[in-house]
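Numbers 281 to 526, taken from our numbering, label the letters of the first sequence in order. Built from N, CA and C at the ideal position, the CB exists for glycine as well. Notes to accompany the following structure.
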Amino acid sequence: MGRIPCCEKDNVKRGQWTPEEDNKLSSYIAQNGTRNWRLIPKNAGLQRCGKSCRLRWTNYLRPDLKHGQFSDSEEQTIVKLHSVFGNRWSLIAAQLPGRTDNDVKNHWNTKLKKKLSGMGIDPVTHKPFSHLMAEIATTLAPPQAAHLAEAALGCFKDEVLHLLTKKPINFQAQHSTAVMGNDFTNYINYRPEEKEGTVEKIKLGFLKAMGEETEMIPSNKPWDSSAAASTSFAMQYSVLPTMPPG
DNA sequence: AAGCTCTTCAACCGCAATCAC
DNA sequence: TGTGATTGCGGTTGAAGAGCT
281 MGRIPCCEKD NVKRGQWTPE EDNKLSSYIA QNGTRNWRLI PKNAGLQRCG KSCRLRWTNY
341 LRPDLKHGQF SDSEEQTIVK LHSVFGNRWS LIAAQLPGRT DNDVKNHWNT KLKKKLSGMG
401 IDPVTHKPFS HLMAEIATTL APPQAAHLAE AALGCFKDEV LHLLTKKPIN FQAQHSTAVM
461 GNDFTNYINY RPEEKEGTVE KIKLGFLKAM GEETEMIPSN KPWDSSAAAS TSFAMQYSVL
521 PTMPPG
């Protein structure tokens, strides 16, 4: 049996909308409203499925939509609401006049997620990665923790690699209005001095999780980034090499 | 200049919720 | 109250343009 299709796919055009189609749809809706999407394409003289018309109208043609860049305050709102509601895009978009759920979702996936990751914050839990690593390391017995930590590193390997090998993240600067505005300082509730501890916490957490001797690099020695790179890959594949000698 | 990769965002898909009868 | 139709939602895809080598 299977699902009943929402429309006859053979007779329906797909892909990008033309200005002519937009005009037809807009003028039809201006005169008749948006009742019964199934009939709208037929009545408006469009070879489109009703679902496609609804999407085009709600995401692009509606006169009350904003089409420009997201402002800093809009971004702050999205991040805050996402930390509470998760991927409930329509709920989040409802708090942003003129923005659609699709807009918010796209902006989150293409910009905000990366922004948070780059700041060392997990975009799913909204916690700093260092905290997640520490939680993994401290809440489980070593044998299970080792496997879970491996899995976690697989997920976060890009961010961890960034932390360990690329330029240090400047938490002070990241808290500034240049990135997320003043409110963001309150949103991430941790202190600038955590910068110093981030790498150490990750190393400690994994050493602990792996049941290794917690041999630490003396804090006055610089972290060898090439060794760090191989270390993080090694951790991904469950072999944790000895930390570089001091 | 050409080809490749990356990013963006409009559009599609399928499922779930809601509505109408 | 049950059932089919419609609408809403979130995940995913792919075309187009930008950037890089």
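H347 and T418 have their C-alpha atoms some 46 Å from each other.
Within 10 angstroms of the beta-carbon of E300 lie fewer than 16 other beta-carbons, which makes it exposed. A Cβ-Cβ separation of about 6 Å places L392 in contact with V359 under the 8 Å criterion. In this structure, T357 sits near Q375, with a CB-CB distance shorter than 8 Å.
Rounded to the nearest whole angstrom, the CA to CA distance from T314 to S332 is 13 Å.
The continuous alpha helix (DSSP H) containing H362 extends over residues 352-365. Scanning its chain for C-beta atoms nearer than 7 Å, with the 5 sequence neighbours on each side dropped, one finds around D302 the residues L341, in chain order. In the structure shown, P299 falls within a helical segment according to DSSP collapsed to helix, strand and coil.
A residue is called buried when at least 16 other Cβ atoms come within 10 angstroms of its Cβ; T380 meets this threshold and is buried.
Of all alpha-carbon atoms in D402, A373, W369, Q327, the one lying nearest the alpha-carbon of L345 is that of A373.
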